[in-house]
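The next block holds one structure in the form of structure tokens; read it before the comments.
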Amino acid sequence: KQWYQRRVAITAGETGDHWKTRLQMEKSLAIKVPNIRHQVLNLKLFQQVLLGEGVMERYISPDEAQLVRSTFAEIYNLGIDEAGDRAAQLAFDDPTGWVLKPSKEGGGNNVWENAMLQKLEQLRGRKEREAFVLMKRLNPPHVPNRFIKNGPR
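Residue 117 in this note's numbering sits at position 79 of the sequence shown, with consecutive numbering throughout.
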């Protein structure tokens, strides 16, 4: 038995050889962490496609699809077109309400508030903008709590 663990981020530098190796691993009996299904499902661009009108309805009822959609934050493509420009404008109109996310996963790559606006300015009209999505910022409720520790404060 083999154990295969891989970083979560998918980068533009990965080659066809990488994907051939990945396919061979996926076909093997090795324990894959993450497996390709989980890795792809974690991609924001994939989530955006999955949430598109009629996509989930191919597999589940419309009521179930609506319920699943309600668990996701709003997400917009930043393509170099009118729809992408409208999505980018949402960030300029409300920079604290949105987060810019690259298609990389694994955390630590999100761009927030003023830095997000600067990044969107840099990407204006550039094909690289397509590698990002704009996602509604989640604002969980503040819940006061206490941290208890043995020893001095």
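Ideal Cβ placement from N, Cα and C applies to all residues, glycine included.
| query | result |
| --- | --- |
| Alpha-carbon to alpha-carbon, Val93 and Gln156 | 34 Å |
| CB of Lys82 within 8 Å of CB of Val171, strictly | yes |
| Spatial distance of Val137 from Gly146 (CA atoms) | 12 Å |
| Through-space distance from Val78 to Glu64, alpha-carbon basis | 13 Å |
| Three-state class that DSSP yields for Val181 in the structure shown | coil |
| Nearest-angstrom beta carbon gap, Leu116 and Arg167 [assumed within contact, 8 Å] | 5 Å |
| The region 171-189 / the region 106-125 touching (three or more Cβ pairs under 8 Å) | yes |
| Cα-Cα separation, Asn152 to Gln62 | 43 Å |
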